[in-house]
Structure formats: C-alpha cells, structure tokens
Amino acid sequence: MSGRFARLYQEVDASVNQESVYLHQKLAADRINIVFLSLDFLRNPRQITCMVAPGAAPATAGQHHDQGAAGLVSLFPHRFDPAAMAVVFAALGQRQIPWYAMASSGSMLTVVTDFAVQQQAADALAEYAQLPPGHGPLRVQQDYDDIARRLKSAPETVAQYVEARIRTYGIAVKTGLKLCRIDFHSHEQVLLGRALEGLAADNAGFAYICANRAADGRGHLAVALDPGQTPSDAPDIAAHLAPALCSSRLEIRENVEMLCFHGPHFGDRYGIADKALGCLINAGIPVWLAGCVGATVSIIVPPGMGESGVEALSTSFDRP
C-alpha cells in the first residue's frame, strides 16, 4: 500500500480537441512527478489517470480534474498470470469496494482506490489471493522529500533530476500480442473475475493490462495476451469472456506490439512518461495504451510499429 496521493483524471474528445494539452504534458512542464499513469487513447473520449503528490495538481487545472485523496494497492509478483487479474475483480467486486484504475508493470498489478478504503481493498486482495503467513499487506511510506530535507545528503530513493539522455536498462519489444478490450458494468466484476480464472486455468499469459472505472460503475479492461506464454491449444479468450459477460462488449485486435522499458528511479522523476510518449507521437507512431507503474513504462502500439518505436525512443533514451 502506498501513502496518500492525489488522483488526477482527464478526458479529451480527440475528434474535437486536436490541439489539447494532455495531463502528462502539463505535469511534465510543471515538473510534477507522476507516480502512476494509465492512458487509453483507443477510447473516445481519450482517458488519462495520474497519481501525484498531495497538493501537486497543476495550478491551472483546466480539464484536469483533481479527484481527491487516493492510494495505490499493488499485488506482486503477478508472473503474467491472469489469476492476478481474477483476484482483483473477484475481491473488489464481491466486497463492492470502489476503484478507479489499474495497470501492470513487469512484476506488479497496481490498483487506484480512494485512500479511505485502501486498507479495506488491500485486506480483500490478501484474502482472495490466499497469501502465505507473514505476507500480509504492507504500507510503504512515500514522503521521501521530507526525509531528504532533514538529511545532509538525500537518500537514494530521492532522485528528482533530469538527464539530457535518459538511461534505461534496455527497451524490449513484444510482437504478435492479442489485445482484448472488454466493456463491463460494476455488477459484472465477479463474473469477469471468473472468466479470467478460466484463462489462468488454461495457462494463458498476459504482457500488459490496464483498466478504468467511471463514477457510474461502467468499466473498461484491456488485456494484451502474449501468445508466447499461452499454449497453442488454449481456448480463445472469447470462449471464456463472452458467456460470462453477455451484456458487455468484447473487441479483439490481433498482432499488436508493446514497447517496455525501465530505468533508474523512473518512479521518482518527472517527465519520463511524457518524453517517451512525445518521442513516439513526433515520429508518427500512434499510442494506443500506456502505463507507468513503478520504474516501468509500457506502451501498446499498432502492428508493425514496435521496432520503429525503439528507434524513436532512442533519440532521447539510452540503451545499454
């Protein structure tokens, strides 16, 4: 469990607002660190959720709505197993605990909740995940800046600096992914959890997931399934999801690609995600989905765009 953050949310109608300033751009310009980002540009209106330090919302909010105190709950390691997603939807749906967004890194599945129900959400996830003894929810304090001010030298976790070229530990491209986008209603979360359990039972694997949920209870889940981690004889995802979610919409896009990279202190520095997204957009590469969780940036792009994306990122990011 994280400390207290502010949740910022933006919707942009791309068919009307071609020159909009997106939330991540405004935060980067104001040197405000993003500790969590989930972006969905396949939907219209386009949706962006960010978590920032309390009181760090842009001075000129505009379309950037400050949704109040929120917290992060992270389940790890997920091992790219849909069972982790099943736990989240089953636990939070059964207990009717509100949540707003989720996204994955290479090891964590992170969920955004109201800070007031964060402990309740963590306890529910721990129960449904059947954690072993001694592995209960742990709160990680985030007030590093206050600690740094009290010390002569800042601890390693304080890393708010800018590099001319941003170091990474390498940029990976995953190809041939199957992107499944699912609309659901709040009362269908438990059913969705059961469908995801079916995927897990078939040993399916995912590369990236993200989801968001509106105030009216409607939600949207995007899962990038990785054929390289899924048996060739496994049933199609529709076989699990369509019967369980008869009132929902399922859309599948084949052969999408994902750029994924992480680097030192990505979770403690401003502008990382904005720089990455800007490199791709300036190169004419559409960004469909993106997430920044911990030290990992994940970006879903159309078929055949992965290698071009690496070249575009290489203009601002160093690769070992």
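Quick note, the sequence shown lines up with residues 0 to 319 if you use numbering that gives the first Met the number 0.
Where a beta carbon is used, it is the ideal one built from N, C-alpha and C, also for glycine.
Remember, predicted model here, so these are calculated numbers, not experimental data.
For the alpha helix (DSSP H) that residue i lies in, which residues bound it at each end?
i, result
"Ala89", "81 to 94"
"Gly308", "305 to 312"
"Arg193", "188 to 200"
"Gly277", "271 to 281"
Would you kindly report the start and end of the unbroken beta strand (DSSP E) that includes residue i?
i, result
"Ile170", "170 to 183"
"Tyr211", "The sequence as given places Asn at residue 211; Tyr does not occur at that position. Element bounds for Asn211: 205 to 212."
"Tyr8", "4 to 11"
"Met107", "From DSSP, Met107 is part of no beta strand (DSSP E); its letter is neither H nor E."
State the DSSP-derived secondary structure class of residue i, mapped to helix, strand or coil.
i, result
"Tyr127", "helix"
"Phe35", "strand"
"Ala27", "helix"
"Leu41", "coil"
"Ala163", "coil"
"Ala56", "coil"
"Leu137", "coil"
Output yes if chain D places a C-beta closer than 7 Å to the C-beta of residue i; else output no.
i, result
"Arg30", "Annotation note: the requested chain D is absent from the structure, which comprises a single protein chain."
Bridge partners for residue i per DSSP, in chain order?
i, result
"Gly218", "Phe183, Arg212"
"Gln118", "None; Gln118 has no bridge partner."
"Glu250", "Arg180"
"Glu256", "Val300"
"His261", "Thr295"
"Ser73", "Thr109"
"Met101", "Val110, Ala210"
"Val51", "Ala5"
"Leu288", "Asp39, Ile299"
"Leu224", "Lys177, Phe205"
"Ala68", "Ala5"
With a cut-off of 8 Å on the beta carbons, I'd call residue i and residue j a contact; round off their distance for me.
i, j, result
"Phe40", "Val286", "6 Å"
"Val116", "Ile96", "6 Å"
"Met101", "Ala210", "5 Å"
"Ser106", "Pro76", "5 Å"
"Arg45", "Glu18", "13 Å between Cβ atoms; not a contact."
"Ala221", "Arg180", "5 Å"
"Val172", "Leu258", "6 Å"
"Met0", "Val86", "16 Å between Cβ atoms; not a contact."
"Lys177", "Leu224", "4 Å"
"Val72", "Ala128", "In fact, because the Cβ distance is near 11 Å, the residues do not count as touching under 8 Å."
"Cys291", "Leu36", "4 Å"
"Ala206", "Phe79", "7 Å"
"Tyr269", "Ala27", "6 Å"
"Ile170", "Leu312", "6 Å"
"Glu256", "Gly305", "4 Å"
"Ile299", "Ala275", "Not confirmed; about 13 Å, so no contact."
"Ala56", "Leu7", "6 Å"
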